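Here is the structure we will look at.
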Amino acid sequence: MKYNTVVIGGGAAGLDAAASCARLGLSVLLLEAMYTGGMALKVKNVPDFPGFPDGISGEELTDRMEKAAIAAGVRILHERVTDMELSEKTKSITTDRGAYEADTVIIACGARVREMGLENERALTGLGIFHAVAEGKRAIEGKKAAVWGSGEEACNFALELAEICIAVYLICPEEHLNAGKRLIERIRNTPKIKLYENSLIAGVNEGMFLLESMTVVGKETMEIDSMPVEAVFVSPELEPDSDVLLGHVRMTDEGAVIVNGDMATETEGVYAVGAVRSGSAKTIPDAVADARRAALAVNAYIIGN
Numbered sequence: 002m003k004y005n006t007v008v009i010g011g012g013a014a015g016l017d018a019a020a021s022c023a024r025l026g027l028s029v030l031l032l033e034a035m036y037t038g039g040m041a042l043k044v045k046n047v048p049d050f051p052g053f054p055d056g057i058s059g060e061e062l063t064d065r066m067e068k069a070a071i072a073a074g075v076r077i078l079h080e081r082v083t084d085m086e087l088s089e090k091t092k093s094i095t096t097d098r099g100a101y102e103a104d105t106v107i108i109a110c111g112a113r114v115r116e117m118g119l120e121n122e123r124a125l126t127g128l129g130i131f132h133a134v135a136e137g138k139r140a141i142e143g144k145k146a147a148v149w150g151s152g153e154e155a156c157n158f159a160l161e162l163a164e165i166c167i168a169v170y171l172i173c174p175e176e177h178l179n180a181g182k183r184l185i186e187r188i189r190n191t192p193k194i195k196l197y198e199n200s201l202i203a204g205v206n207e208g209m210f211l212l213e214s215m216t217v218v219g220k221e222t223m224e225i226d227s228m229p230v231e232a233v234f235v236s237p238e239l240e241p242d243s244d245v246l247l248g249h250v251r252m253t254d255e256g257a258v259i260v261n262g263d264m265a266t267e268t269e270g271v272y273a274v275g276a277v278r279s280g281s282a283k284t285i286p287d288a289v290a291d292a293r294r295a296a297l298a299v300n301a302y303i304i305g306n
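Numbering-wise, the working numbering comes out as the position in the sequence shown, counting from 1, plus 1.
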C-alpha cells in the first residue's frame with residue numbers, strides 16, 4: 002500500500018505530525034522501532050504545554066498523543082527502518098519487517114543521549130563512568146574527577162564536584178560552553194576547575210576500583226594531555242538520532258537534519274521535525290510546533306502534486 006506520508010519516529014514530534022496529517026485527510030503510516038513516546042517518556046513534568054496549567058508528565062502526554070493519532074486514522078507499526086530511497090517522487094522505506102511507499106516522508110527520529118564514543122564506555126558505566134553526580138559522589142570525594150559535556154548540566158556537574166574533589170577537569174567537545182554567561186564565569190573563576198574546550202576524551206585507563214587516568218586530545222590542535230582521574234561524569238546531553246539518514250538527506254556535522262521554515266529538507270517531499278532537525282530547542286512544545294508546520298507543508302505539497 003502507498004501512503005500519502007510515512008512518519009519515521011514515534012516521539013512527541015512524530016506522533017503529532019502523524020495525527021495532524023491524518024486530520025487533514027491524508028493516509029499516514031508511523032514507523033517506530035521500539036515504543037512510542039521516545040525521550041519524552043523520561044520527562045517528569047512538561048510545565049508549559051497548552052491546556053495543562055499544572056503541567057503533565059511526558060509519559061501521560063505522549064500516551065494521549067498516541068491515542069489521538071490512532072483515533073485520527075494513523076497506522077502505527079513497530080518496525081526498525083533499515084534503508085530508504087528518498088530522491089524519487091515516490092519514496093520507499095525499508096524496515097526489518099517490510100517495505101513501504103509514500104508521497105512524502107516526515108523524519109522524526111528524535112535524539113539520544115550523547116556518549117563519549119569510547120570502546121569500554123558502557124562496560125565502565127557505574128565503575129568509574131557515571132551519568133549523575135549522586136552515582137559516584139561518595140567514591141570520588143577528595144579525589145580528581147572529570148566532566149564531559151558542553152551544556153549547563155555539565156557546568157553544574159563540575160561546580161558540584163569542585164566542592165568535594167581536589168581537582169575537576171571539564172572536557173567540552175564543542176568550541177565553547179553552551180551555557181549562560183554567569184554560569185560560564187563561575188566555571189572560569191573556580192580554581193579547582195580546569196576547562197578544556199573543543200576537546201575529546203580519547204581514552205580512560207581502568208584502576209582496581211575506579212579509573213586511574215584519562216587522555217584528552219584537542220580536536221583542532223591534536224595536542225594530547227594525560228591526567229590522573231578516578232572518575233568521569235558524562236553529562237546527559239542529547240544529539241540527533243540520525244544514523245539511518247546518512248547519505249539520504251543533508252545534515253550538519255553534528256547529525257542534525259537541515260530544514261527551512263516549513264520543516265522541509267533539500268530533498269523534495271521530505272521533512273524533519275523535533276530534536277532531529279537543525280536548530281531544534283529539543284522541548285516537547287517546540288516539537289509539536291514543528292509537527293504542525295510540517296503537516297501543513299506536507300498537505301500543500303500533496304495538493305500541489
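Quick reminder that beta carbons are idealized off the backbone N, C-alpha and C, glycines included. Being a predicted model, the structure only gives us computed values, none of them experimental.
Query, Result
"Hey, quick one: how far does the alpha helix (DSSP H) through LYS68 stretch, first residue to last?", "59-73"
"Alpha carbon to alpha carbon, how far is ARG293 from SER21?", "6 Å"
"Ends of the beta strand (DSSP E) at PHE50?", "Premise fails: PHE50 is in no beta strand (DSSP E) and is neither H nor E."
"How long is the line joining the alpha carbons of ALA163 and ALA146, rounded to whole angstroms?", "9 Å"
"Please report the distance separating the alpha-carbon of LEU128 from that of VAL271.", "43 Å"
"Would a C-beta distance cut-off of 7 Å place ALA180 and GLU153 closer than the cut-off?", "yes"
"Within 10 angstroms of its Cβ, does PRO241 collect 16 or more other Cβ (buried), or is it exposed?", "buried"
"Specify, as a first and last residue, the run of the alpha helix (DSSP H) that VAL299 falls within.", "285-305"
"For ARG113, which residues does DSSP report across the bridge?", "GLU240"
"Any beta carbon of chain C sitting closer than 7 Å to that of ALA103?", "Among the protein chains of the structure shown there is no chain C, as only one such chain exists."
"Classify ARG1: buried if its beta carbon has 16 or more other beta carbons within 10 angstroms, exposed otherwise.", "Lying outside 2 to 306, the shown extent of the chain, residue 1 is not represented and no answer is given."
"Which of the three DSSP states, helix, strand or coil, is assigned to PHE158?", "helix"
"Are there three or more Cβ pairs, one per stretch, closer than 8 Å when the region 197-213 is compared with the region 73-86?", "no"
"Measure the Cβ-Cβ separation of ALA168 and LYS193 and say whether it is below 7 Å.", "yes"
"Just to confirm, is the Cβ distance from ILE94 to VAL8 under 7 Å?", "no"
"Please list the terminal residues of the continuous alpha helix (DSSP H) segment that includes ARG76.", "That residue, ARG76, is in no alpha helix (DSSP H); its beta strand (DSSP E) goes 76-78."
"Measure from the alpha carbon of ARG98 to the alpha carbon of each residue in GLU80, GLY305, ALA203 and ASP84, then state which is nearest.", "GLU80"
"Short of 7 Å in beta carbon distance, which residues of its chain neighbour SER28, apart from the five on each side in sequence? Order them along the chain.", "TYR4 and ASN5"
"Report the option in ALA140, ASN157 and ALA70 whose CA atom is closest to the CA atom of VAL148.", "ASN157"
"Beta-carbon within less than 7 Å of ASP287's beta-carbon, same chain only, minus the 5 sequence neighbours each way: which residues are those?", "SER281"
"Alpha carbon to alpha carbon, how far is GLU207 from GLY137?", "15 Å"
"Less than 7 Å separating the beta-carbons of MET264 and ASP244?", "no"
"Bridge partners of ILE9, per DSSP?", "LEU32 and ILE108"
"Got a sec? Which residues, its chain only, sit under 6 Å from ALA70 by beta carbon, not counting five neighbours each side?", "LEU16, ALA19 and ALA20"
"Starting from LYS138, trace the alpha helix (DSSP H) in both directions and tell me its first and last residue.", "134-141"
"Quick check on ALA257: does DSSP put it in helix, strand or coil?", "coil"
"With a cut-off of 8 Å on the beta carbons, I'd call LEU239 and ARG113 a contact; round off their distance for me.", "7 Å"
"Assuming ILE188 is part of the alpha helix (DSSP H), what are its boundary residues?", "182-189"
"What separation, rounded to the nearest whole angstrom, lies between the Cα atoms of THR253 and GLY111?", "15 Å"
"Quick one, are the C-beta atoms of VAL260 and THR105 less than 7 Å apart?", "no"
"On the DSSP bridge assignment, give the partners of VAL169 in chain order.", "ALA146 and ILE194"
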